[in-house]
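Asks: Dumping the structure here so I can ask a few things about it.
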Amino acid sequence: MESLLSSIKINVGSHLYIKDPESSDLGQNIISHSIELINELGIEKFNFNKLGKYIQSNESSIYRYFENKYKLLQYLSAMYWGIIEYRLVIETNAIEDNNTKLLKAIKILTLEPKNIDSYSDYNQLKLRDIIIDEFTKSYHHKDVDNDNDEGNFKIYKRLILRLVEMIKNVNPEYKYPKALSCHIVEGVLQQYYIQRHFKSLSDHKTENQVYNFFEDTITKVLNPK
């Protein structure tokens, strides 16, 4: 399993970029340093001019890869969710018990990500921080329907639907598997965001406590006594 995790290649979809950033050293430099800079500045203050200065390249060279910073954010989001999806598939594949499989998926979503060697040039912990702080900004805008039609969120949606199937396998009679799946994926990000920025509203001080919350919720919802 570790060897599989170390050699994955995420197909984020060509609709998210003009030129594949993985096809050149400059493109990979754009990705690695955009993770650093977006994590430091936030997406609102981040722009390609600042990124160009950061990597000592012309701003125009970045536009050869991405139409704008929100397409870049969507690319980073797709890369993150793709890594999570691969881990979910590989690490739950051999688990036969449906409850155990679902809880393992929740653990993958909530706990610190394992380092993926294929993406070792990218700071995956900072990428996760970006998703926690910025992911909703990749689709909370007027053009979201067009972006969705283009397939910009296909990996994210596919991950949620994988979770839906796991929920159905645990309790086929449960009426709201899609709503619950969305609640889990979005809720994990929200709980970490609240933990960081609204500490007085958070019950969680550790990642394990976030996992325990969702384990408790899922168990009570799907296996009521």
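Sequential numbering of the sequence shown, starting at 13, is according to the working numbering.
Glycine included, C-beta positions come from ideal geometry on N, C-alpha and C.
Given the structure is predicted, the values throughout are model-derived calculations rather than measurements.
1) Given a threshold of 16 other Cβ atoms within 10 Å of its Cβ, counted over all protein chains shown, does E14 qualify as buried or as exposed?
2) With the cut-off set at 8 Å, would you say L121 and I144 are in Cβ contact?
3) Compute the beta-carbon to beta-carbon distance between Y77 and I30, rounded to the nearest angstrom, for a pair I have assumed lies under 8 Å.
4) Distance check for P236 and Q40, CA to CA, integer angstroms please.
5) From what residue to what residue does the alpha helix (DSSP H) around V176 run?
6) Please name the residue, chosen from G64, G54 and P125, that lies closest to L38 on a Cα-to-Cα basis.
7) Can you list, in chain order, the residues of its chain whose CB lies under 8 Å from that of L171, leaving out five sequence neighbours each side?
8) Just the C-alpha distance for E52 and E185, rounded to the nearest angstrom, thanks.
9) What three-state label does DSSP hand F60 in the structure shown?
Replies: Put simply:
1) For E14, the pLDDT reaches just 48, beneath the cut-off of 50, and the residue's location in the model is therefore unreliable, leaving the point undetermined.
2) no
3) 6 Å
4) 48 Å
5) K166 to V182
6) G64
7) W93, I96, E97, L100 and V197
8) 45 Å
9) helix
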